[in-house]
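Under our numbering, the letters of the sequence shown match residues 657 to 919, in that order.
Glycine is no exception: its CB is placed at the ideal position from the N, C-alpha and C atoms.
Everything numeric in this text was worked out from a predicted model, so none of it was measured.
Contents: one structure, followed by commentary.
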Amino acid sequence: MAKAKKTKSKTSKAKARPQAKKKSAKEIAGPSFLFAAKITTLPIVGSNHLFPVRRIYCIGRNYAAHAREMGSDPTREPPFFFQKPTDAVQVVMPGKVVDHPYPPLTKNYHYEVELVAVLKSGGKNIPASKALSHVYGYAVGLDMTRRDLQIGMREQKKPWSLGKGFDHGAPIGPILPAAKIGHPSKGSISLSVNGEEKQKSDLSNMTWSVPEQIEKLSEAFELKAGDLIMTGTPENVGAVVPGDVIVCKIAGLPDLSIRIAKS
Ligand code: MN
Numbered sequence: 657m658a659k660a661k662k663t664k665s666k667t668s669k670a671k672a673r674p675q676a677k678k679k680s681a682k683e684i685a686g687p688s689f690l691f692a693a694k695i696t697t698l699p700i701v702g703s704n705h706l707f708p709v710r711r712i713y714c715i716g717r718n719y720a721a722h723a724r725e726m727g728s729d730p731t732r733e734p735p736f737f738f739q740k741p742t743d744a745v746q747v748v749m750p751g752k753v754v755d756h757p758y759p760p761l762t763k764n765y766h767y768e769v770e771l772v773a774v775l776k777s778g779g780k781n782i783p784a785s786k787a788l789s790h791v792y793g794y795a796v797g798l799d800m801t802r803r804d805l806q807i808g809m810r811e812q813k814k815p816w817s818l819g820k821g822f823d824h825g826a827p828i829g830p831i832l833p834a835a836k837i838g839h840p841s842k843g844s845i846s847l848s849v850n851g852e853e854k855q856k857s858d859l860s861n862m863t864w865s866v867p868e869q870i871e872k873l874s875e876a877f878e879l880k881a882g883d884l885i886m887t888g889t890p891e892n893v894g895a896v897v898p899g900d901v902i903v904c905k906i907a908g909l910p911d912l913s914i915r916i917a918k919s
């Protein structure tokens, strides 16, 4: 059976509509922020542009020797990721020793030096073979960790957020564009405390390469411009106390230095 035709004409509809009120200036401008929202950014070496940070992804246990020291089997484990809040970034300019506040609640505050890859574009299900076309550049970063809280939560099968996702927990240096340095897959990565070398490895010792990490991450999340990936730390993580000076070095990138300050 055919549907009944609509009987209302256009003219009768128009007549029924109430007369439109003139919009005020406020209505035309649209909603505004209730308070100033801060955008997290990273500086770029040799550029006036700032890199806006969207998300911070971190891979766990990505150097075999570090996986072993954390009590897991590096040969059988698929990659896993966690996130730090975007505003955990503490920008650390080269040539300076920046004060880094010792965070609350911990008695075992650890350093983890890491190569940070930053994305200029993204997508879902990115194959490793195409992953590097999304990488804008690289920086030196620290995945600072309240180890006692991380392990305590791990043992209780609770999330790692207390151990990893706290304020200032991601000191990061300026970005060097891949256009200048390429895509480092090997080269020295090291960290010293008060002049004594503690961590020392090579980027080629990563279990999952940067392209493989992007492939795996993009299966779980739609990656986007502004995303950071902290690519894992080598072995010999350890604790620092107020007064200690940490210097991080990755071949081809500017050094990153912080001094642990009282909170
Ligand atoms: Mn880490």
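| Item | Value |
| --- | --- |
| DSSP-derived helix/strand/coil call for D755 | strand |
| Member of V769, Q812 and K780 whose CA lies at the smallest distance from the CA of E878 | K780 |
| Beta-carbon proximity check, A784 vs I845, cutoff 9 Å | no |
| Cross-strand partners of H849 (DSSP beta bridge) | Just to set this straight, residue 849 is Val in the shown sequence, not His. The partner list for V849 (beta bridge, DSSP) reads E852 and I902. |
| Near the ligand MN: G851 beta-carbon under 8 Å from a heavy atom | no |
| Sub-9 Å separation of A881 and L775 beta-carbons | yes |
| Euclidean distance between Cα positions of C904 and P687 | 44 Å |
| Beta-carbon spacing of V745, I828 below 9 Å | yes |
| Inter-residue CB distance, Y767 and L847 (contact presumed, cutoff 8 Å) | 6 Å |
| The ligand MN site residues, beta-carbon cut 5 Å against heavy atoms | E768, D799 and T889 |
| Sequence-distant residues of the same chain with beta carbon closer than 7 Å to K842, five excluded per side | D858, L859 and S860 |
| Within the segment 680-723, ranges of the alpha helix (DSSP H) (whole runs, at least 4 residues) | 681-685 |
| Cβ distance (whole Å) where V796 is taken to contact A834 below 8 Å | That pair is no contact at about 15 Å. |
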